[in-house]
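> Below you will find the structure I want to go over with you.
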Amino acid sequence: MKLSFRRGGRRGPLTKALPALLMFSGIAWTVACSRSAAKSPTSITDKKISPNPAHVGPVTVGFHLSDAAKPVSGAQISLEGDMTHPGMAPVFGVAHEVAPGQYQGNLTLNMPGDWVLLLHVTLPDGRKLEDQIDVRGVQSS
């Protein structure tokens with residue numbers, strides 16, 4: 188049995204369309220990347236807990252909210268404190284703006300141990316953002 192292979196044989200519909208598909212996907216990728224780069228992400232920085240080290244009782248949570256290095260004012264922030272082991276009820280609080288882009292709120296940690304503090308942020312334009320602060324080794328009062 189003899190098989191013959193030819194170069195430059197008949198091209199199927201996929202091979203004819205492949206260059207156009209590659210060019211279109213490259214353009215779409217470029218446009219998508221430029222759009223995501225144009226919209227800078229909002230970030231939460233300078234997260235602090237006081238007193239440090241934390242102990243059972245009231246703690247103050249502070250952080251800075253910025254977008255492209257500009258302070259973000261007018262955000263609504265709720266705080267949630269959860270212990271790292273199951274079965275414990277969370278504690279809640281609210282953070283308020285104390286200076287442009289600088290927010291501060293209070294929570295009452297009611298047990299010693301490890302806690303995770305969640306920051307639930309609603310930006311002025313309606314976008315939502317979340318972050319967390321790990322607080323290890325909360326001590327008895």
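As numbered in our numbering, residues 188 to 328 make up the sequence shown, in order.
Even for Gly, the Cβ is constructed at its ideal location relative to N, Cα and C.
1. To test your reading of the DSSP string, which unbroken beta strand (DSSP E) runs of 3 or more residues are found completely within the segment 238-319?
2. From the DSSP output, in three-state form, read off serine 328 for me.
3. What is the rounded straight-line gap between the Cα of methionine 270 and the Cα of threonine 247?
4. Tell me the DSSP bridge mates of lysine 235?
5. For arginine 222, which residues of its own chain have a beta-carbon under 8 angstroms away from its beta-carbon, when the five flanking residues on both sides are left out?
6. For proline 277, which residues of its own chain have a beta-carbon under 7 angstroms away from its beta-carbon, when the five flanking residues on both sides are left out?
7. Here's a check: name, in chain order, each residue in its chain whose Cβ is nearer than 7 angstroms to the Cβ of glycine 280, leaving out the five neighbours to either side.
8. Sorted by chain position, which residues of the same chain lie with C-beta nearer than 6 angstroms to histidine 242's C-beta, five sequence neighbours on each side aside?
9. When the Cα of glycine 249 is compared with those of Ala256, Gly274, Leu306, which residue comes out closest?
Well, looking at it:
1. Complete beta strand (DSSP E) runs here, min 3: 244-254, 263-270, 278-286, 289-296, 300-309.
2. In the three-state scheme derived from DSSP, where H, G and I count as helix and E and B as strand, serine 328 is classed as coil.
3. The straight-line gap from Cα to Cα measures roughly 17 angstroms.
4. BP columns for lysine 235 point to Gly249.
5. Below a pLDDT of 50, predicted positions are generally treated as unreliable, and arginine 222, at 43, falls in that range; no measurement from the model is reported.
6. Contacts found: Glu267, Gly268, Asp269.
7. Once the five neighbours on either side are set aside, the close Cβ partners of glycine 280 are Leu266, Gly292, Asn293, Leu294.
8. Cβ within range, chain order: Gln326, Ser328.
9. A check of alpha carbon separations from glycine 249 across Ala256, Gly274, Leu306 identifies Leu306 as the nearest.
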